[in-house]
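Novice: Here it is, the structure in full.
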Amino acid sequence: MAVPLDSTDIQSDNYRLVPHRDFYLISNIHNPEEVDQIQSWKIQDSDVFVVTYPKSGTIWMQQILLLIEAKGDTTIISTKPNSEQVPWIELSGAGKEFIAAPPPRLRVSHLQYKFMPLALNQRKGKVIYVIRNPKDVLVSYFHFHKFAAMLETPKDFNCFFEKFMKGEMYGNCWFEHIKSWYSHKDDVNILFIAYEEMIQDLESAVKRMCMFMDKELTEEQLANVVKHSTFRNMRLIPQANYEFVSEDLLNHNQGSFMRKGTIGDWKNHFTVAQNERFDKVFQEKMEEVPITFIWDINYIV
Ligand code: A3P
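Using the numbering used here, the first residue of the sequence shown is number 6, and each one after it goes up by one.
Written out as structure tokens, the structure is:
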């Protein structure tokens, strides 16, 4: 059954949030039965999954993974769109494609841990989980809801803020998503990386990823990966920034995937009251999760 929308929200009839096992999927994009089959996927050691709550740097990681795999050679990012080379595992048809694809299979996902291949528990394959401070996630997701045709267009920021706090959106509750993955942070085949850490020092973050993926890159190759993954450069690469995606899915006149790419834009959106409320909920929900975030670009040294 589809989730009833607020009368003030605008959504295409083609796409609806559909609850499935305490998670929302999107009709016509996800198929619940196929999503359930992901658990039984056979995994190879070379498989790498990047998992994020939406708006935490997924397309950034698609670019970095491809460049690491190609040792900094940019041919790979100028041929096919990144979304075809590093596709989402929860999209309809992804299972068949996964089985047929040659290694290394690089994939992205917004799913909670409970949907992932069970083989990950037996240390098969690798997961990079990217975490971003949730105030910036909220703001980025607000703008993305206007840009993405498959998501309902929010009436205004206040309405969206309330929905985010309730987790009534694709990805569900940010806190639950993070917790579902954080409890596995010490698994040997899972690497946690923060968006803010990548903003602060992209080269070090890429080095961590290379070590985790058992990839040895020369200094020159590493420099190439970093160079072609910066916000400024990715903005110019249609294969990386989703410019090519059809208007049916993305309203290109309403925004872009590459919006600001910084830390602390929430300060331009949150009211003082919203910020206080967010901090209170954050404290309560994250009591057992000792992650510290960088909330402001000025805290970067
Ligand atoms: P903003 O909307 O705050 O600008 P996702 O890929 O998970 O949807 O995340 C999109 C967010 O990641 C956007 O945030 C986008 O600008 C940011 N992003 C994408 N590539 C980036 C890069 N190379 N450097 C910094 N931020 C990047």
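For glycine and all other residues, C-beta sits at the position ideal for the given N, C-alpha and C.
Given a cut-off of 7 angstroms, decide if Leu222 and Cys215 are closer than it, judged by their beta-carbon atoms.
Specialist: Closer than 7 angstroms, so yes.
Novice: Since Asp50 and Gly100 are thought to touch, with beta carbons under 8 angstroms apart, how far apart are those beta carbons, to the nearest angstrom?
Specialist: So it is not a contact: roughly 20 angstroms between Cβ atoms.
Novice: Got a sec: does the ligand A3P put a non-hydrogen atom nearer than 6 angstroms to the Cβ of Phe236?
Specialist: True, at least one ligand heavy atom lies under 6 angstroms from that Cβ.
Novice: Comparing the CB of Lys265 with every heavy atom of the ligand A3P, is any distance shorter than 6 angstroms?
Specialist: True, at least one ligand heavy atom lies under 6 angstroms from that Cβ.
Novice: Looking only at its chain, what residues have a beta carbon closer than 8 angstroms to the beta carbon of Val231, apart from the 5 residues adjacent to it on each side?
Specialist: The answer, listed in chain order, is Leu207, Glu208, Val211.
Novice: Please give me, in chain order, every unbroken run of the alpha helix (DSSP H) with length at least 4 that falls completely inside the stretch 187-251.
Specialist: For the stretch 187-251, whole alpha helix (DSSP H) runs of length 4 or above, ordered along the chain, are 200-205, 207-217, 224-232, 236-239, 243-246.
Novice: Out of Glu181, Pro92, Phe120, Leu123, state which residue places its alpha-carbon closest to the alpha-carbon of Pro109.
Specialist: Pro109 has its Cα closest to that of Pro92, out of Glu181, Pro92, Phe120, Leu123.
Novice: Skipping 5 residues on each side, what residues in its chain have a beta carbon closer than 8 angstroms to that of Leu227?
Specialist: Within the same chain, Leu227 has close Cβ partners Gly77, Glu208, Val211, Lys212, Cys215.
Novice: Give me whichever residues DSSP pairs with Phe165 in a beta bridge.
Specialist: Per DSSP, none; premise fails for Phe165.
Novice: Report yes if the CB atom of Met263 is closer than 7 angstroms to the CB atom of Asn246, and no otherwise.
Specialist: It is a contact, given that the beta carbons lie within the stated cut-off.
Novice: Out of Glu292, Ile31, Asp284, point me to the one whose CA is closest to Ala156's CA.
Specialist: According to the sequence provided, residue 156 is Leu. The question's Ala does not apply to it. That would be Ile31, whose Cα lies nearest to the Cα of Leu156.
Novice: Would you say the beta carbon of Thr223 comes nearer than 6 angstroms to a heavy atom of the ligand A3P?
Specialist: For the ligand A3P, not one heavy atom lies less than 6 angstroms from the Cβ of Thr223.
Novice: I need the straight-line Cα distance from Val294 to Tyr187, nearest angstrom please.
Specialist: So the two alpha carbons sit approximately 8 angstroms from each other.
Novice: Would DSSP call Leu96 helix, strand or coil?
Specialist: Note: Leu96 maps to strand in three-state DSSP.
Novice: Tell whether a beta-carbon distance below 7 angstroms holds between Lys290 and Phe166.
Specialist: No. Outside cutoff.
Novice: Assuming Val142 and Ile195 are in contact, meaning their beta carbons sit under 8 angstroms apart, how far apart are those beta carbons, in whole angstroms?
Specialist: Wrong, their Cβ atoms sit about 20 angstroms apart, outside the cutoff.
Novice: Helix or strand or just coil, what does DSSP make of Ala75?
Specialist: Coil.
Novice: Alpha carbons only, please: which of Pro159, Ile296, Glu225 is nearest the one belonging to Glu201?
Specialist: Taking only the C-alpha atoms, the option nearest Glu201 is Ile296.
Novice: When you measure from the CB of Trp65 to every non-hydrogen atom of the ligand A3P, does any distance come out below 6 angstroms?
Specialist: Yes, the Cβ of Trp65 comes within 6 angstroms of a heavy atom of the ligand A3P.
Novice: By Cβ distance, which residues of its chain are closer than 8 angstroms to Leu116, with the 5 residues on each side in sequence left out?
Specialist: Counting only Cβ-Cβ distances below 8 angstroms, and skipping sequence neighbours, we find Phe28, Val40, Ile43, Val56, Ile94, Glu95.
Novice: State the start and end residues of the unbroken alpha helix (DSSP H) segment that holds Lys60.
Specialist: From DSSP, Lys60 is part of no alpha helix (DSSP H); its letter is neither H nor E.
Novice: For Ser185, which of helix, strand or coil comes out of DSSP?
Specialist: Three-state result, Ser185: helix.
Novice: To which residues does DSSP link Pro24 through a beta bridge?
Specialist: The partner list for Pro24 (beta bridge, DSSP) reads Tyr29.
Novice: Based on the DSSP output, what are the partners of Ala153 in its beta bridges?
Specialist: In DSSP, Ala153 forms a bridge with Leu255.
Novice: Whose C-alpha, out of Trp300, Ile82, Ile48, is nearest the C-alpha of Ile64?
Specialist: When each option's Cα is compared against that of Ile64, the closest is Ile82.
Novice: I think Ile136 touches Ile183, with their Cβ atoms under 8 angstroms apart; what is that distance to the nearest whole Å?
Specialist: The Cβ separation is near 6 angstroms, so the contact holds.
Novice: Using CA coordinates, which residue listed in Met239, Ile204, Pro122 is at the minimum distance from Ser261?
Specialist: Closest by alpha carbon: Met239.
Novice: Which value, in whole angstroms, describes the spacing of the CA atoms of Leu255 and Ile104?
Specialist: About 28 angstroms.
Novice: Do His233 and Phe162 have their beta-carbon atoms positioned less than 7 angstroms apart in this structure?
Specialist: No.
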